[in-house]
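Residue numbers (my numbering): 682 to 1091.
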Ligand code: HAM
C-alpha cells in the first residue's frame, strides 16, 4: 500500500531542514535582541476564536479553515494564523498585566488553499506581536525587526516594504460604504467574483488578483484620503523613520490585507522573485481585536512571515555532518575505536563513522563532507594504544594518545 502526502503538505529533509533550522535559529536570536519572549500555543483552538476576528466574509473563514467537531460536539479549528491564538493565550495566562507585552512564536498553520509554489495547506509561520502600545514607535520597531531578519536570512534578495494606513475603525467603516457605492456604480467593469463582494466585503476587491478588476481598482477611492489628520501625521512619521533606516518602501494605496482585524498601519514585505505568492511578511495594527477576544481594551501591532517562502529564496546551506570522521581499518579494531568515538562526543565534538572498514572510502567521504579531521584506527594504533589523526586541509598526520588528541584539537 503506497500512501502519498496529503495535497498541499510536504516533508522537510536534507538541505530544506538546514534552511528551516537556520530560520528558527535567527528568529530566536533576533527576538532576544529586541526583547520578545516566545509563546507556544496549541495547534487547534475553538473555532469561535477565528470566525469573527478574521472576518466572517474573509476567504480564510469562508473557504480555508480545517474545522471539525470533536466527540463531544465542540467545534475545533486547526489554527489558520497565529495572532488570535497568541492573544487568546496572553489573556488565558495573564500575560497582559505588564504592558507592552512583546511576544513571538513559530509553528504550523493550516489553510485549505489551492496549492502552488509558495502556497501550501500546511505551512509554517514566524509571528511577532506587540500588545499594549499606541506609540507609533511600536510600528517602526516591529517593521525594523522584520527588516533585520530578512537581511540576515536573504541578504541578496530585493525586497520592498509596501505600506498603507487604514485609519481608525470608524474611518474604515465609512470608507467601506463609499467603496461599496463606487464598485456598485462600476459593476460592469468587475469580475463576477468581485461583484459578489460589493455588499459583503468591498475591501477584498482591492486585493483581487483578477486582471479584469485592475483598471477599476486603480480608479477607486483611496482610504488615505479619508483618515484623520493625526493618523496621516503618524503615517508620515512612520514612513520617514523607515526611509531613514534605509528600508526601501512603496506607499501602496490599495493595500488593505486579507484579514478583517486591521486598522491604522498595514504593511507587507514583497519580492518579485516568488511569482504570484510574492508576500514574505504581512502585518499591521489591530486595535480593538484584543478587546473583541475578551481582553483589555488595548492596541496591538504585529506581523507574520511564511517560512516556506523565505526558504525558497534562501541559498543552500552546506552542512558538515561532522567535524571529525573515523576510519576503522578492520572489524577487529572496533572496540579500540569506540573509545575515541565516545570520548570525543562526550567532549562536545561531533564524530561520524561510515561502517565501511576501508581507509580509502572513509577518507573520500570525509573530504566530500568537508570534515576537518580523519581519525585512523588500525593495527599500530591498537598495539600502541593510540590513534592517528589526519588533518584534511594539509594531509599532515600524527599518532597521539586519547588525552593528547583533545589538546591537539584545541
Ligand atoms: P497573512 O498575510 O495571512 O497574515 O500571512 C502572513 C504570511 O504567511 C504571508 O505573507 C505568507 O508569507 C505566509 N502564508 C500565508 N498563507 C500561506 C500559505 N498558504 N502557504 C505558505 N505561506 C503562507 C497573517 O497570518 C496575520 N496573522 C499576520 C499578522 C500578525 N498580523 C498582525 N500580526
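All C-beta atoms, glycine included, are put in the ideal place defined by N, C-alpha and C.
Bear in mind that the values here come from a model prediction, so they are computed numbers and not experimental data.
Distance from the CA atom of residue 701 to the CA atom of residue 1059, rounded to whole angstroms, is 40 Å. Residue environment: residue 965 is assigned as buried (16 or more neighbouring CB atoms within 10 Å of its CB, all protein chains considered). The three-state reading of DSSP puts residue 785 in strand, counting E and B together.
Exposed is the label assigned to residue 902, since fewer than 16 other Cβ atoms lie within 10 Å of its Cβ. Per DSSP, the beta bridge partners of residue 791 are 803. Taking a contact as a CB-CB distance under 8 Å, the pair residue 760 and residue 725 counts as one, their CB atoms being some 7 Å apart. Rounded to whole angstroms, the gap between the alpha carbons of residue 732 and residue 952 is 30 Å. The straight-line gap separating the alpha-carbon atoms of residue 961 and residue 834 is approximately 12 Å. Taking a cut-off of 8 Å for Cβ pairs, the stretch 903 to 910 and the stretch 815 to 828 do not touch, as fewer than three such pairs fall below it. C-alpha of residue 894 to C-alpha of residue 871: approximately 5 Å in a straight line.
In this structure residue 766 is buried. Its beta-carbon is surrounded by 16 or more other beta-carbon atoms within 10 angstroms. Fully enclosed beta strand (DSSP E) runs of no fewer than 3 residues occupy 944 to 951, 960 to 966, 981 to 987 and 1005 to 1009 of the stretch 943 to 1029, in order along the chain. Nearest neighbour of residue 883 by Cα position, chosen from 836, 913 and 939, turns out to be 939.
DSSP links residue 842 through a beta bridge to 930 and 950.
DSSP places residue 1078 inside the beta strand (DSSP E), whose first and last residues are 1078 to 1081. Contact annotation: residue 1052 and residue 1004 have beta-carbon atoms nearer than 9 Å. Here residue 812 carries a strand assignment [DSSP, helix/strand/coil].
Residue 1030 and residue 1069 have their alpha carbons spaced roughly 17 Å apart. As summarised for the stretch 695 to 764, the continuous alpha helix (DSSP H) elements at least 4 residues long and confined to that stretch are 696 to 715 and 729 to 735, given in chain order. When the five nearest sequence neighbours on each side are left out, the beta carbons in the same chain lying within less than 7 Å of the beta carbon of residue 957 are those of 890, in order along the chain. Check the Cα spacing between residue 1021 and each of 1011, 963, 886 and 1006: the tightest is with 1006. Shown here, residue 683 sits in coil according to DSSP, grouped into three states, outside any helix or strand. Nearest in C-alpha terms to residue 836, of all of 1011, 855 and 994, is 994.
Just measuring C-alpha positions, the residue of 857, 869, 914 and 915 sitting nearest residue 887 is 857.
Taken in chain order, the whole beta strand (DSSP E) runs of length 3 or more contained in the stretch 883 to 944 are 930 to 932. The continuous beta strand (DSSP E) containing residue 1055 extends over residues 1054 to 1058. Beta-bridge analysis with DSSP links residue 858 to no other residue.
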